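These notes concern the structure reproduced below.
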Amino acid sequence: MPLTQCPECSGSISNRAYLCPHCGFPLSPAAGRPVISRKAKKRRPNGSGTVVKLSGKRKNPYQVRVNTRINEDGYPVYDVLACYPDRVSAEIALAEYNKAPYNPQDRKKLFSEVFASWYLWKYKEPFAAAGKKTSAQYCAMAAYKKCAALHNMPMWDIRAVDLQTLLDLQELSHATLEHMRNLFRQMYKYAIQFELVPKDYSQYVTISKADDDVHGVPFTPDELQALWAHREIPFVDTILIYCYSGFRINELACMPLDDINLEARTFTGGLKNRYSRNRTVPIHSAIYDMVCCRHDRRFDSLIYHTGTDSITEARYREFFNEALRSCGILTEHTPHDCRHTFNVLLDRAGVERTVRYKLMGHKGQDINETVYTHKDLEQLKAAVEAIKTGV
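In structure tokens:
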């Protein structure tokens, strides 16, 4: 049977073919070569988009275009949905789009753009705005910075494996990974609402790293005495503040100074979960003067400064280790060990379990401890002051 070429895709076809078997182009045999069948070609309704064959040799030459915007002169501007290898695939894609039209620009928004719009929607201010921020805002921004690998990726194209890759980074602390996962969940909840993603991939990711709260080496009574005896050494005061407040490192370091009430002698803040957030912990009388000295409006943080300059978390950890060595403490400790120390001190002071849970921001073991237990500030102050410092 004689063969010729399709004028649309240049594929080999029979002279008697009425449709190209490669691209579905309508044909009619005439004078030994196929031509367009005018009866088969129908005009597409206005506003329903079009399929255009691009010139040259391309892997996907069939481009689907739709009109979704009007320019400043009042003329429609088309957006490209995608390009396809054959006309049939392109026509199917256009038909699917017309069943449920969407804004193609939304599917091109980068992770960074969606974060900016989510932040503005949630906090009613741009994330770069100056001024006071809540602990939740600081956590969201810190988690976002750790997601640099996603910043320039279209949110629509991000999949669970991309999120999981970040949550598998072992160099990040468990608390940081939790902030990142929480950010993913909030952003996807927002993105689903505004049709910026195909589905919620944040529900499929997990944190494989062990929880920091499970491990820890509390300071011994002798080590605490060494800290008190050398409290004039730089940053020893911060270690004692952590040991007698029980906050995680960034819960206190990133706590807005306005949430540290020197008059009422309380810290209010917390991160991680609903039991930790916005909890109030009285300032122990033994560390009150230290807190007052570090409560400096020139700095955003109670902890991350030297008195003259602001410092990073990494730099603080160096100062932390140097302060321990200067006190003669050779056991390796982390700032998180201070939190364990506070829990041990409460236990040794005979503070009842439900009060310890309240001060530590831990979930209770049953409904009576998680829901029906209410402790007022005076009870919490009495519990904290029950801790003896030996000074």
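So the sequence shown is numbered by our numbering: it starts at 1221 and just counts up by one.
Heads up, the beta-carbon is just placed ideally off N, CA and C, and yes, glycines get one too.
Since the structure is predicted, the reported quantities are computational estimates derived from the model, not experimental observations.
Query	Result
Nearest-angstrom Cα separation, counted from W1376 out to T1593	The predicted model places T1593 with a pLDDT of 46, which falls under 50 and marks its position as unreliable; any figure quoted below should be read in that light. Spanning the two alpha carbons is a distance of roughly 44 Å.
Contacting residues, own chain, Cβ-Cβ under 7 Å from N1280 (five flanking each side not counted)	C1303, Y1304, P1305
Pairwise C-alpha distance: V1284 and S1232	25 Å
Among Y1322, D1326, V1286, nearest to A1310 - alpha-carbon criterion	V1286
Alpha helix (DSSP H) runs wholly inside the stretch 1393-1460, at least 4 long, in chain order	1394-1413, 1441-1449
Option nearest D1299 by Cα separation, candidates D1326, V1308, R1307	D1326
Buried or exposed (CB count within 10 angstroms, at least 16 for buried), K1601	buried
Coarse secondary structure for A1302, derived from DSSP in three states	strand
T1574: first and last residue of the uninterrupted alpha helix (DSSP H) it sits in	1573-1580
Given 8 Å, three or more beta-carbon pairs between the stretch 1344-1360 and the stretch 1432-1452	no
Sequence-distant residues of the same chain with beta carbon closer than 7 Å to V1571, five excluded per side	A1603, A1606
Limits of the unbroken beta strand (DSSP E) element including T1500	1499-1502
Cβ-Cβ distance between L1447 and V1456 below 9 Å	yes
V1271 versus P1246 - alpha carbon distance	15 Å
Beta-carbon spacing of L1383, L1370 below 9 Å	yes
Neighbourhood of Y1410 by C-beta, 6 Å cutoff - its chain only, sequence neighbours within 5 removed	W1338
Cβ neighbours of F1539 in the same chain (closer than 6 Å, five flanking residues each side left out)	F1455
C-beta atoms of R1517 and L1477 nearer than 9 Å	yes
Secondary structure of P1555, DSSP reduced to three states	helix
Residues bridged to P1476 (per DSSP)	P1476 is not bridged to any residue.
Neighbourhood of M1400 by C-beta, 7 Å cutoff - its chain only, sequence neighbours within 5 removed	A1363, K1366, C1367, L1386, L1387
CB contact flag (R1514, I1503, <9 Å)	no
Option nearest A1320 by Cα separation, candidates A1336, E1415, G1276	E1415
For Y1282, the residue or residues it bridges with in DSSP	K1273, Y1304
Those runs of the beta strand (DSSP E) which lie wholly inside the stretch 1343-1390 and span at least 3 residues	none
Through-space distance from E1542 to D1442, alpha-carbon basis	18 Å
Buried versus exposed call for V1255 [16 or more other C-beta atoms within 10 Å across all chains shown]	Because V1255 sits at a pLDDT of 48, beneath the cut-off of 50, its placement in the model cannot be relied upon, and the following sentence gives the value as read from the coordinates. V1255 comes out exposed.
Whole-number beta carbon distance between Y1343 and G1269, since they are thought to touch under 8 Å	Incorrect: roughly 38 Å between the Cβ atoms, too far for contact.
Extent of the continuous alpha helix (DSSP H) to which F1539 belongs	1533-1546
Rounded separation between S1332 and Q1413 - CA only	18 Å
Beta-carbon spacing of P1346, I1459 below 9 Å	no
Alpha helix (DSSP H) segments (min. 4 residues) lying fully within the stretch 1306-1346	1307-1319, 1331-1343
Buried or exposed by the 16-neighbour rule on C-beta atoms within 10 Å, applied to N1372	exposed
Extent of the continuous alpha helix (DSSP H) run through Y1508	1505-1514
Three-way DSSP call (helix, strand, coil) for T1609 in this model	coil
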